[in-house]
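Protein chains in written order, with this note's numbering: chain A, 5 to 469; chain B, 5 to 469. The C-beta atom is built at its ideal place from N, Cα and C for all residues, glycine as well.
2 protein chains.
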Amino acid sequence: MNQKTSIPKGTRDFGPVPMMRRNYLFDTIRSVFQLFGYLPIETPAMETLETLMGKYGEEGDKLVFKILNSGDFAGGIKMDLLEQLIQVPENSAIVSRTLGNQISEKALRYDLTVPFARFVVQHKDEITFPFKRYQIQPVWRADRPQKGRYREFYQCDVDVIGSDSLLNEAELFKIIDDVFNQLGLNILIKFNNRKILAGLAEATGLGDNLTDFTVTLDKLDKIGLEQVKQEWLLKGFPTESIEMLIPVIGSAGSTFEKIVSLKTLLQGSATGMKGIEEVETLLKIISAFNLHSKIELDLTLARGLNYYTGAIIEVKSLDVQIGSICGGGRYDDLTGIFGMPGVSGVGVSFGADRIYDVLDQVNGFPSLAQTGTQVLFLNFGPDESATCQPIADQMRLAGIRCEIYPDGCKIKKQLQYADQSKIPLVVMIGENERIAGQAVLKFMSSGEQVNVAFSDLTKEVMKTI
Amino acid sequence: MNQKTSIPKGTRDFGPVPMMRRNYLFDTIRSVFQLFGYLPIETPAMETLETLMGKYGEEGDKLVFKILNSGDFAGGIKMDLLEQLIQVPENSAIVSRTLGNQISEKALRYDLTVPFARFVVQHKDEITFPFKRYQIQPVWRADRPQKGRYREFYQCDVDVIGSDSLLNEAELFKIIDDVFNQLGLNILIKFNNRKILAGLAEATGLGDNLTDFTVTLDKLDKIGLEQVKQEWLLKGFPTESIEMLIPVIGSAGSTFEKIVSLKTLLQGSATGMKGIEEVETLLKIISAFNLHSKIELDLTLARGLNYYTGAIIEVKSLDVQIGSICGGGRYDDLTGIFGMPGVSGVGVSFGADRIYDVLDQVNGFPSLAQTGTQVLFLNFGPDESATCQPIADQMRLAGIRCEIYPDGCKIKKQLQYADQSKIPLVVMIGENERIAGQAVLKFMSSGEQVNVAFSDLTKEVMKTI
């Protein structure tokens, strides 16, 4: 019977302390979303294969967790496939792809974007546009697990669709700023505009190579300017194009200086000039916001270029060296894949796991977010614990998390429980205290003890938490 | 491209209003759990097949959603099984059972109890006992969907393990009472004790037939006393046994009267007398609690008898005719299945979907739990909306959920948005208002409008929400 206990690789259990910290993080993010008028939605963990497949590219599709049909799924297998498998067993990997679709018709969601698009199309008649929604739910990917990468993790997405006003982009900057300010983290908000990237390709004669251009550009951070140059040369970009790009791309100038040099370079590109105009409008709106965070135009930022059509946003931690902790942008055709074209939207996704790691490394979780029970009543026996009940009730009315130790066992053991559970306050009401109507309040960190009348206990505890 | 959008049968999308209501429900339950010192945990959506299978009986096992192994899963299929399927395709249902285990090694959790037991065993060295935990997560079952029964639904479990004190049972009564009192629902808490049931079987000479005895007894509610009698006779129970049971079982007396007659009947059964003692102790502790809810000893209550060993608890709504909305009990061996025997615990599970339905039917959701954005600032153009930004910021600091309409489109359309989104308050700052520093505050329900100085807006709004 002594079964080994384990969980699937890449998944995690969350015990009380990580859970309280995670709840603090999610509650902070959620409360900011709500204050800006975003509304919650939730979609099922499972979607149909039809909804999910073909949306994440060939590599992405392989990472979708399929759910085996219930009951007699083997009855759905085509005979010729079985024969193929028996005759050429070394081709089982190829057979698996076809077989998977014969024995499975649903899968776990891979992200929140495709389910959101599906939701919008399916419920378009009930939705009031512009639709501001947030969604905080786990997603599943059959990725190779490694440090910081899990097979089950939460995404926190916030999007507004059905409006192409740049006020929406500006508001997202404010939301990002508010979230990280409330969390006490220092960040840099980097942004770019897809139209500027397209303009750069166009103005330098690389119009047809936009993807090649940006895929390399996106690596600048990691490989440096010289390597970027080499990659472009290898890709066959004309030297003149590269010479035009380098001063702008490599510029260490301010956002303002970058815009000035862009204006010269992109003069001939209508798309590029539109991108600059968008950036300038956005900056004008944001200038009234008094943001705590630094913001910076980063012309190398591309993030899934094929998806974004306007603003591109990415947040870096200034406290800890880690990948981006939030990102997103403007897209023009969220729901086209489900036959509802022309729905423009803009949104960002907060990387909960990475933000958790940053908070952890800078000791950024407030102590209240890591405290479960605040007051433990020791149990000196049935009469004494009965005396504690109405007092505990009073405390709970005041919002204090408290508990009465359930067993009348050795006091040492009960204090040990308080200590191990990191409960900061202990109330002791023995026989004498019960008769006198005075409890002993013990501060676990200092060991200090004070006598407090029953009627003053709640007030006294409130002072210290 | 016009793809039909749908979700797997038995699953649900939750739009903003149901989500806000659900959050209200979960937040209420969660906050009560926390006030009593229960701590949150979460386990992965997927568990290994080894953890889940064989824990829910043959029927339950069939309802577990298995996840197809990623990649070359077909390579794991045994050749003889393939040949069997080709030779006797009509046996595909039987083959499916074996095949499932060759191409799947993990599955979606079916309840929160087995994952909790697995969690406790796996983390026993980190856990401080008694361990008070709550867990609110979805579970998945391949049940036939029908009204009120879904393939994805939430469970809200609260348990304390590692203590056999009856204070724990009493506290659960208080928690149940607090939750439903806060939700404004009227309930009846029914309870029983497995030891009393065992005692009844023993004292009436049915000792070996405890399961048969209680399976029928459990139906009393539905089929009535006469039918229960008939079923017992059919099962071959001696007439004398039945004659002894009927007066006790069928008693419409008070809890006190039931205990009196039990004491006579169970005199000869040590187990039975222990059960009565437990009930009396429990009632004594609870009597100090001033519960709002009615409580009642129901000797026909059995609920998964093979699992419970002491108290059995079930909650019925007094507002709406519906199945039990919360239930649980004491168990003596939660973790034995994973090789850690002797861990006693007691807990209850709140049926979120049913409680939601009850609240819905009695119009029990407070209006604040159904309001998203509280204030909409109309957008009269870039300068006006820029004026709104710092005012909106002030409101958010005061906890007011507000938004600025993103587009400077027709005012009629913007008001329509407020109306359809059920936003109760609208702030209008046109050019004149901007210059005068006075906004127009419009109450959407009455249509009333008042002029309010910018600096007083937050205060004015706070008065009305």
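Anticipated Cβ contact below 8 Å, residue i with residue j, distance rounded
i                      : j                      : result
residue 9 of chain A   : residue 120 of chain B : Not a contact, Cβ separation roughly 12 Å.
residue 428 of chain B : residue 378 of chain B : 6 Å
residue 177 of chain B : residue 359 of chain B : At roughly 17 Å, the Cβ-Cβ gap does not stay under 8 Å, so residue 177 of chain B and residue 359 of chain B are not in contact.
residue 4 of chain A   : residue 406 of chain B : No statement about residue 4 of chain A is possible, as the shown extent of chain A runs from 5 to 469 and does not include it.
residue 357 of chain A : residue 154 of chain A : 7 Å
residue 440 of chain A : residue 430 of chain A : Incorrect: roughly 18 Å between the Cβ atoms, too far for contact.
residue 172 of chain A : residue 164 of chain A : 5 Å
residue 20 of chain B  : residue 376 of chain B : 6 Å
residue 320 of chain B : residue 419 of chain B : Their Cβ separation, rounded to whole angstroms, is 46 Å, which puts residue 320 of chain B and residue 419 of chain B out of contact at 8 Å.
residue 346 of chain A : residue 335 of chain A : That belief does not hold up - the Cβ atoms of residue 346 of chain A and residue 335 of chain A are roughly 12 Å apart, past 8 Å.
Exposure label - residue i; buried when at least 16 CB within 10 Å
i                      : result
residue 63 of chain B  : exposed
residue 318 of chain A : buried
residue 313 of chain A : buried
residue 493 of chain A : Shown here, chain A extends from 5 to 469; a query on residue 493 of chain A therefore has no answer.
residue 199 of chain A : buried
residue 258 of chain B : exposed
residue 215 of chain A : exposed
residue 261 of chain B : exposed
residue 92 of chain A  : exposed
residue 130 of chain B : exposed
residue 393 of chain B : buried
residue 396 of chain B : buried
Best match in the options for proximity to residue i [C-alpha to C-alpha]
i                      : options                       : result
residue 401 of chain B : B/369, B/462, B/431 and B/457 : B/462
residue 127 of chain B : A/109, A/411, A/443 and A/11  : A/11
residue 76 of chain B  : B/108, B/395, B/149 and B/31  : B/108
residue 33 of chain A  : A/415, A/288, A/141 and A/339 : A/141
residue 270 of chain A : A/205, A/393 and A/363        : A/205
residue 464 of chain B : B/99, B/404 and B/44          : B/404
residue 58 of chain B  : B/394, B/143 and B/111        : B/111
residue 325 of chain B : B/250, B/69, B/468 and B/189  : B/189
residue 289 of chain B : A/90, A/388 and A/87          : A/388
residue 372 of chain B : B/469, B/144, B/84 and B/22   : B/469
residue 14 of chain B  : B/202, B/72 and B/143         : B/143
residue 181 of chain A : A/352, A/277 and A/211        : A/352
residue 246 of chain B : B/226, B/218 and B/267        : B/218
Cβ shell of residue i (< 7 Å), same chain only, five flanking positions each side left out
i                      : result
residue 196 of chain B : 301, 302, 303, 305 and 316
residue 6 of chain B   : Legend: pLDDT at residue 6 of chain B = 49, less than 50; position of this residue unreliable, no value from coordinates given.
residue 434 of chain B : 384 and 388
Contacts around residue i, its chain only, beta-carbon distance under 8 Å, and the 5 residues preceding and following it disregarded
i                      : result
residue 18 of chain A  : 26
residue 243 of chain B : 237
residue 310 of chain A : 215
residue 213 of chain B : 205, 239 and 241
residue 362 of chain B : 189, 321, 323, 324, 326, 329 and 368
residue 450 of chain B : none
6 Å CB neighbourhood of residue i in its chain, flanking five on each side removed
i                      : result
residue 47 of chain B  : 119 and 123
residue 37 of chain B  : 138 and 162
residue 146 of chain A : 67 and 69
residue 229 of chain B : 254
residue 442 of chain A : 455 and 457
residue 453 of chain B : 444 and 446
8 Å Cβ cut-off: residues of chain E touching residue i
i                     : result
residue 76 of chain B : In summary, chain E is missing from the structure at hand, where the protein chains are A and B.
task: Could you run through the region 10-29 of chain A and flag, in chain order, every residue whose CB is less than 7 Å away from some CB of chain B?
output: 10, 11, 12, 15, 16, 17, 18, 19, 20, 23, 24 and 27
Proximal residues, the region 144-170 of chain A versus chain B, C-beta separation under 9 Å: 144, 146, 155, 156, 164, 167, 168, 169 and 170
query: Which residues, taken in chain order from the region 366-386 of chain B, show a beta carbon closer than 9 Å to some beta carbon of chain A?
result: 376, 377, 378, 379, 380, 383 and 386
Residues from the region 38-56 of chain B in contact with chain A, defined by Cβ distance under 9 Å: 38, 39, 40, 41, 42, 43, 44, 45, 46, 47, 48, 49, 50, 51, 52, 54 and 55
query: In the region 429-442 of chain A, which residues sit with their C-beta less than 8 Å from some C-beta in chain B, listed in chain order?
result: none
Under 7 Å (Cβ pairs) to chain A, residues found in the region 402-433 of chain B: 405, 406, 407, 408, 410, 411, 421, 424 and 425
field: Against chain B: residues of the region 109-131 of chain A by CB proximity under 7 Å
entry: 110, 122, 123, 125, 126, 127 and 130
- prompt: Between the region 87-102 of chain B and chain A, which residues of the former have a C-beta closer than 8 Å to a C-beta of the latter?
  reply: 87, 89, 90, 93, 96, 97, 99 and 100
Contact set between the region 337-350 of chain A and chain B, restricted to residues whose Cβ is under 8 Å from the partner: 340, 341, 342 and 343
- request: Could you run through the region 239-268 of chain B and flag, in chain order, every residue whose CB is less than 8 Å away from some CB of chain A?
  value: none
Short-range partners of chain B found in the region 172-189 of chain A, where Cβ spacing is below 7 Å: 172
- prompt: At a Cβ cut of 9 Å, what residues of the region 288-320 of chain B count as close to chain A, listed as they run along the chain?
  reply: 288, 289, 292, 293 and 294
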